[in-house]
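Heads up, the sequence shown is in the numbering used here, so the first residue is -16 and it goes up one at a time.
The beta-carbon is built from N, C-alpha and C at its ideal position, and this holds for glycine as well.
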Amino acid sequence: MTDATVPTPAFPILCHVTPWYFRRMGMMTLMVAVFGIYFLYDGKYGYPKANVIADKKTWFEEVVLKSFDEAKSAGKVDIWVENARQQGWPTGRDGEPPRWVSYAAEHSWPEKPHRYTQKEIDEQFWWGGGTLFAAVILGVMILVNKNKVLRGEPDHFVTPEGKRVNYADSFRIDKRLWDNKGLAYVWHRPGGDSAQPAKAVIDDLKYEGAVRVLDVLMANFKGELLEKVQPPETPVDDAETEAGKEA
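Here it is as structure tokens:
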């Protein structure tokens, strides 16, 4: 029965999608899109640039250092230094061989550059395309949900998907997730007791004011109600109580 002190709701009860849902979905869409762009950037620019630096280190070790060692063995370090300066090579100091660490630091390159395989580069494009596609899907979901409404009437409610649920046809309500997630599941038999059972959802987090629809349903409900069961309090043993008092 409905409490006489509770005002009768005005019908229809229209529960539109909450701003919270759109904010959350918008943030998810933006985050996924940023990841997608980041993957594509790495595939197009980041990884190839890293490979250029890795090639530079290979050139430094196989050409610059090798030619320096040969010149040092031949006693022609001064000539090698002059030729290296003309070609823009690193020359080292005081007859010492040039160091990759110093050469890399001059160009803001990493000390240990990593070389990426073509497979790793291709994977960045796959990941980028996949995440951008997921961002598009999320964007479509936002648009699809923009005009969805949960509608409550005196003897039934209509789900956001347009399915009618008569209160009289409802035989089970599961509210165990209501306190934490704002979800209630309603089992009903469209068309009477002989019909195949179906399940509808009342989502109070997604649809603002959905609790009012649930309240009207509960006021007209006579079936099975599943609620979260509070654990019973653990009885305190008398002996433990007395020991506590003595302490």
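Here the stretch 83 to 92 makes no contact with the stretch 8 to 17; the two share fewer than three CB pairs at distances below 8 Å. Around the beta carbon of residue 211, fewer than 16 other beta carbons lie within 10 angstroms, which makes this residue exposed. With 16 or more other Cβ atoms from the protein chains shown falling within 10 Å of its own Cβ, residue 118 counts as buried. The C-beta distance from residue 33 to residue 99 rounds to 6 Å, short enough to fall under 8 Å.
Under the 10 Å beta carbon count, residue 51 is surrounded by 16 or more other beta carbons and is classified as buried.
Assignment of residue 99 by DSSP, reduced to helix, strand and coil, places it in the coil class.
Contact between the stretch 18 to 26 and the stretch 125 to 133 is absent: fewer than three C-beta pairs spanning the two stretches fall below 8 Å. Here residue 139 is bridged, per DSSP, to 149. Going by C-alpha positions, residue 192 is about 24 Å away from residue 207. For residue 170, the enclosing beta strand (DSSP E) covers residues 166 to 171.
The three-state reading of DSSP puts residue 183 in strand, counting E and B together. By the neighbour-count criterion, in which a residue is buried when 16 or more other Cβ atoms sit within 10 angstroms of its Cβ, residue -7 is exposed. Under the three-state reduction of DSSP output, residue 188 falls in the coil class, being neither helix nor strand. Put simply, the stretch 137 to 149 does not touch the stretch 96 to 110. Fewer than three CB pairs are less than 8 Å apart. Note on geometry: alpha-carbon atoms of residue 78 and residue 31 lie some 34 Å from one another. In the three-state reduction of the DSSP assignment, residue -6 falls in the coil class.
The count of Cβ pairs closer than 8 Å, one atom from the stretch 108 to 115 and one from the stretch 130 to 145, stays below three, leaving the stretches out of contact.
Here residue 28 is exposed. Its C-beta has fewer than 16 other C-beta atoms within 10 Å. Annotation for residue 142: 183 place their beta carbon closer than 6 Å to its own, counting only its chain and skipping 5 residues before and after. Taking one beta carbon from each stretch, the stretch 157 to 171 and the stretch 37 to 46 have fewer than 3 pairs nearer than 8 Å; the two do not touch.
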